[in-house]
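Heads up, the thing below is written out as structure tokens.
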Amino acid sequence: MNEMGVVYLFALVAQDLRIYIEAIGTRFPDAVARRESNGRLHRVLLEFEYKSSGARMHGGRLKTDRHVVVCWEHDWSECPVEVIELKSAIRRLPNWVYIHRVGQAPEARHRGLKRAKRRP
Numbered sequence: 002m003n004e005m006g007v008v009y010l011f012a013l014v015a016q017d018l019r020i021y022i023e024a025i026g027t028r029f030p031d032a033v034a035r036r037e038s039n040g041r042l043h044r045v046l047l048e049f050e051y052k053s054s055g056a057r058m059h060g061g062r063l064k065t066d067r068h069v070v071v072c073w074e075h076d077w078s079e080c081p082v083e084v085i086e087l088k089s090a091i092r093r094l095p096n097w098v099y100i101h102r103v104g105q106a107p108e109a110r111h112r113g114l115k116r117a118k119r120r121p
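Heads up: the sequence shown runs through residues 2 to 121, numbered per the working numbering.
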């Protein structure tokens, strides 16, 4: 997993998190989106990192309540803005199943994400 993996996974689950991506780029911020809250859409600026501590390099630019760091692993407890840790967030989503097969060599493990089958 790397930063591009975080972008890919976030794109898969963004709507379930009530976040709607408007633009993704290569400069800060990595993405602009709208987040649904209280029946309204609010603009948020997203920064994708594998670990939240990777966002430290943006320093003072991460300073408003509109900034959100999206990461796989949250390891920066002093982060001044909201952090969405996908590893935890995905497990809380009812329509997704996180698959991690054990009992294989680490390089042979399959880690996957798939939409859960809907029950009638």
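Positions of the beta carbon are idealized from the N, C-alpha and C atoms, including for glycine.
Residues of its chain near residue i, where Cβ-Cβ distance is below 6 Å and the 5 sequence neighbours each way are ignored
{"i": "E83", "result": "V69"}
{"i": "V45", "result": "A34, R36, R67 and V69"}
Cβ-based neighbour list, residue i, same chain, cut-off 8 Å, excluding 5 preceding and 5 following
{"i": "L63", "result": "E48, A56, V70, C80, P81 and V82"}
{"i": "D17", "result": "L94, N96 and W97"}
{"i": "L87", "result": "V7, L10, F11, V14, V71, C72 and W73"}
{"i": "F29", "result": "E48, H59 and R62"}
{"i": "Y21", "result": "A15, A34, R35, R36, E37 and L42"}
Distance between residue j and residue i (C-alpha atoms, nearest Å)
{"i": "L42", "j": "M2", "result": "30 Å"}
{"i": "V14", "j": "I91", "result": "8 Å"}
{"i": "W77", "j": "S89", "result": "15 Å"}
{"i": "M58", "j": "H75", "result": "15 Å"}
{"i": "G40", "j": "D31", "result": "25 Å"}
{"i": "I85", "j": "T65", "result": "15 Å"}
Beta-carbon proximity list for residue i, same chain, < 7 Å, skipping 5 on both sides
{"i": "R19", "result": "R36 and E37"}
{"i": "E4", "result": "F49, E50 and Y51"}
Where are the beta strand (DSSP E) runs, 3 residues long or more, that stay fully inside the segment 55 to 102, in chain order?
68 to 74, 83 to 86 and 97 to 101
Evaluate the contact criterion for the segment 19 to 27 versus the segment 50 to 62: three or more CB pairs, one atom per stretch, below 8 Å.
no
Uninterrupted beta strand (DSSP E) stretches inside the segment 4 to 41 (no shorter than 3 residues)
20 to 25 and 32 to 38
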